[in-house]
Structures are given as structure tokens and as C-alpha cells.
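K.L.:
In this note's numbering, the protein residues as written are 512 to 699.
Think of the CB as a built atom: it goes at the ideal place given N, C-alpha and C, for glycine as much as any other residue.
Here the structure is a predicted model, which means the values were calculated and not measured.
What follows is a single structure, and I will ask about it in a moment.
If you want it as C-alpha cells, here you go:
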């Protein structure tokens, strides 16, 4: 999927607006286990995943509590840090070697002033992130372990073979032992 096709999933922007936006993007490479953002640091760039897998998490009792995984073609960010330009409470790290396109907060704000369609695109992308957070909260509170596991497999089954199971277990809010049991018994 091209970046233009990805953007059009959220809002039908023109090729001209896409060109205006993509002209501002730069590319940065990160190595496996490299930290993109650490607690106390303000995220100054919004990333678009070209390749690789990233994870946002916070540390609790010396172990990571996973909030999200990102992979192509998604946005990669600590949303509150980037959107409000405040220090992050979380880590953003690369689980694999990664290549990310990015735009600075300042350049994005300038684009919003230049193009109402780009501003609308990012509003709709932000709404999708919010809906995802609400859905995830619902899953964590209302679904059983097995239901959470199945929902994860429907969304991101490819991660089962690319990401350490302890991280997926943390994301699902279950112990590594219970995750292992689900992985070995639940057929997807």
C-alpha cells in the first residue's frame, strides 16, 4: 500500500495535497532495540512506518507494559506527546530494524494552514487513533483472555511470529504462561 492509498483510507485527499505533504517528509532509519522516544522527552516528529515493527510502552515494576505495536503503513507516535508537545510518559522503541518517514510538528502545523484537506486528513487519522484506544480499553476490560487473543490474531496475526511473545502477552494484559497456553491451543 502506498502512502497515498493509506491516507485515502481516512480522507479522500487530492494528489496535489498528497504531493504537498510528502514533499515535507524525510526518512530516518533505526536499529533493532533503538529508542525513538524516552520518558521526559517531547516527540517533535510524527512518524509513518515504511518498514519494521515498533512498540510503545511504559515501565512498571521494571518490566514493560505494552501499549501499542506499529508497523507499515501506520503512524508511529506517542500521541499526547506529539499532539500537545509535552514530555512523554512512555517509551517508543524499535523491535526490528525500522525505516520511518517523518514530519516535524512545526512543518505539519504549517501544512494545516496551507491545506484544509491535509488538516481534515489528520483530524480523521486522530479520530481513528482515539477510536482504536477506546476499542482497546473495551477489549482489556470486557473480553476474556481468549477473546482478547483472538481479536489480536484477527488484527495482527503476523506479529505472532515477529514479536517476542512476552510483549504480546503484556499488550493483551495476560501472563506469559497463559499466553503460551493460548498460543498452543487456540487455532486461528
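#1: Assign residue 565 to one of two classes, buried (16 or more other C-beta atoms within 10 Å of its C-beta) or exposed (fewer than that).
#2: Could you check whether residue 598 and residue 551 sit closer than 8 Å to each other, using their CB atoms as the reference points?
#3: For residue 562 and residue 586, I'd like the C-alpha separation in whole angstroms.
#4: Please report the distance separating the alpha-carbon of residue 628 from that of residue 559.
#5: Give the DSSP bridge partners of residue 615, in chain order.
#6: Keeping to the same chain, check which residues put their C-beta closer than 6 Å to that of residue 556; ignore five residues upstream and five downstream.
#7: Report the residue from 568, 610 and 621 whose alpha carbon sits nearest the alpha carbon of residue 677.
#8: Between the C-alpha atoms of residue 579 and residue 672, what's the straight-line distance to the nearest angstrom?
#9: Have a look at residue 576 and residue 595 and give me their C-alpha separation to the nearest angstrom.
#10: How many Å lie between residue 664 and residue 588 at the Cα?
#11: Leaving aside the five residues before and after residue 537 along the sequence, list all residues of the same chain whose C-beta is less than 8 Å from its C-beta, in chain order.
#12: So for residue 562, helix, strand or coil by DSSP?
#13: Using only the alpha-carbon positions, how far apart do residue 680 and residue 518 sit?
#14: Hey, residue 592 and residue 637: beta-carbon distance below 8 Å or not?
#15: Using only alpha-carbon positions, find the residue among 529, 542, 522 and 514 that is nearest to residue 606.
#16: Is the distance from the Cβ of residue 547 to the Cβ of residue 622 below 8 Å?
#17: Enumerate in chain order the residues of its own chain whose CB-to-CB distance from residue 696 is below 8 Å, with the five nearest sequence positions on each side excluded.
#18: Assuming residue 693 and residue 656 form a contact by the criterion Cβ under 8 Å, report the distance between their Cβ atoms to the nearest whole angstrom.
#19: Taking the C-alpha atoms as reference points, what is the distance between residue 633 and residue 626?
P.N.:
Looking at the atomic coordinates:
#1: The count along the chain shown starts at 1 and reaches residue 565 at position 54. Looking at its Cβ environment, which holds 16 or more other Cβ atoms inside 10 Å, residue 565 is buried.
#2: For the purposes of this step, residue 551 is taken as residue 40 along the chain shown, with counting starting at 1. For the purposes of this step, residue 598 is taken as residue 87 along the chain shown, with counting starting at 1. Yes, they are a contact pair.
#3: What you label residue 562 is simply residue 51 of the chain shown in a count that begins at 1. What you label residue 586 is simply residue 75 of the chain shown in a count that begins at 1. In a straight line, the C-alpha of residue 562 is about 11 Å away from that of residue 586.
#4: As a first step, residue 628 must be located in the chain shown, where it is residue number 117. As a first step, residue 559 must be located in the chain shown, where it is residue number 48. If you take the alpha carbons of residue 628 and residue 559, they lie about 18 Å apart.
#5: Position 104 of the chain shown, counting from 1, holds the residue named residue 615. Answer is 556.
#6: For the purposes of this step, residue 556 is identified with residue 45 of the chain shown, where counting begins at 1. Correct list, in chain order: 613 and 615.
#7: Counted from its first residue, the chain shown places residue 677 at position 166. Ranking 568, 610 and 621 by Cα distance to residue 677 puts 568 first.
#8: Within the chain shown, residue 579 is the residue found at index 68, counting from 1. Within the chain shown, residue 672 is the residue found at index 161, counting from 1. Using only the alpha carbons, I get a separation of about 17 Å.
#9: One-based indexing of the chain shown puts residue 576 at position 65. One-based indexing of the chain shown puts residue 595 at position 84. Rounded to the nearest angstrom, the two C-alpha atoms are 23 Å apart.
#10: Numbered from its first residue, the chain shown carries residue 664 at position 153. Numbered from its first residue, the chain shown carries residue 588 at position 77. Taking the straight line joining both Cα atoms gives about 23 Å.
#11: For the purposes of this step, residue 537 is identified with residue 26 of the chain shown, where counting begins at 1. Closer than 8 Å at Cβ, skipping near neighbours: 612, 613 and 614.
#12: If you number the chain shown from 1, residue 562 lands on position 51. The answer is strand: DSSP assigns residue 562 an E or B state.
#13: Position 169 of the chain shown, counted from the start, is the residue given in the question as residue 680. Position 7 of the chain shown, counted from the start, is the residue given in the question as residue 518. Approximately 31 Å, taken between the alpha carbons.
#14: By one-based count along the chain shown, residue 592 stands at place 81. By one-based count along the chain shown, residue 637 stands at place 126. No. Outside cutoff.
#15: By one-based count along the chain shown, residue 606 stands at place 95. Of 529, 542, 522 and 514, the residue nearest in Cα terms is 542.
#16: As a first step, residue 547 must be located in the chain shown, where it is residue number 36. As a first step, residue 622 must be located in the chain shown, where it is residue number 111. No, the pair does not count as a contact, with Cβ atoms beyond the cut-off.
#17: Here the question's residue 696 lines up with position 185 in the chain shown. Once the five neighbours on either side are set aside, residue 696 has no close Cβ partner at all.
#18: Indexing the chain shown from 1 puts residue 693 at position 182. Indexing the chain shown from 1 puts residue 656 at position 145. About 7 Å separates the two Cβ atoms, so the contact holds.
#19: As a working note, residue 633 is residue 122 in the chain shown. As a working note, residue 626 is residue 115 in the chain shown. So the two alpha carbons sit approximately 11 Å from each other.
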